[in-house]
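Just below is one structure, and these are the notes that go with it.
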Amino acid sequence: MSTPYSARTVLLRNGTEAPNVLARYTLMYLESFIEQEPAVLNDFIRSVFDSSHQLSADSGVRLLELELIQTINPDGTAIIDDATRNIVLASVEGTEADMTFVTPYAPKPN
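In the working numbering, the protein residues as written are 15 to 124.
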């Protein structure tokens with residue numbers, strides 16, 4: 015069993031653990047989407063919060079390329095790995111209209 019702060023996993027603010035590499039990778043793309051691909055960011059975040067959200071074709075292709083989603087269902091909804099979903103959920107605060115990105119990592123105990 016891994017420890018919350020091992021080299022392999024990290025503890026997230028929402029109490030879940032995620033692979034360290036996946037957390038860094040996901041955050042890197044979230045940050046790049048803010049400036050470079052806001053439509054993809056919006057689609058991805060909406061899919062994380064609402065499994066019935068249908069991705070635009072362009073967003074779906076991009077998210078598949080980056081392996082942020084596992085697949086796209088015939089109805090346009092995305093299958094998102096639980097660890098990736100937890101990283102994104104731990105990375106945002108607020109509502110869709112007033113969303114803020116925060117560190118997803120739980121504070122280290124003293």
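Using N, Cα and C, we set each Cβ at its ideal position, and we do this for glycine too.
Item, Value
"State the DSSP-derived secondary structure class of V102, mapped to helix, strand or coil.", "helix"
"Please report how far the alpha carbon of E127 lies from the alpha carbon of S73, in whole angstroms.", "Given that the chain is displayed from residue 15 to residue 124, the structure contains no residue 127 and the question cannot be resolved."
"Assuming contact is defined by CB atoms lying nearer than 9 Å, are A92 and L69 in contact in what I supplied?", "yes"
"To the nearest angstrom, report how far apart P121 and R27 are at their CA atoms.", "8 Å"
"Would you mind listing the beta strand (DSSP E) stretches within the region 25 to 101 that are 3+ residues and don't spill past its ends, in chain order?", "31 to 33"
"Measure how close the beta-carbons of A53 and A97 come, nearest whole angstrom, since I'm counting them as under 8 Å.", "So it is not a contact: roughly 24 Å between Cβ atoms."
"Please report the straight-line C-alpha distance between E45 and T85, rounded to a whole angstrom.", "22 Å"
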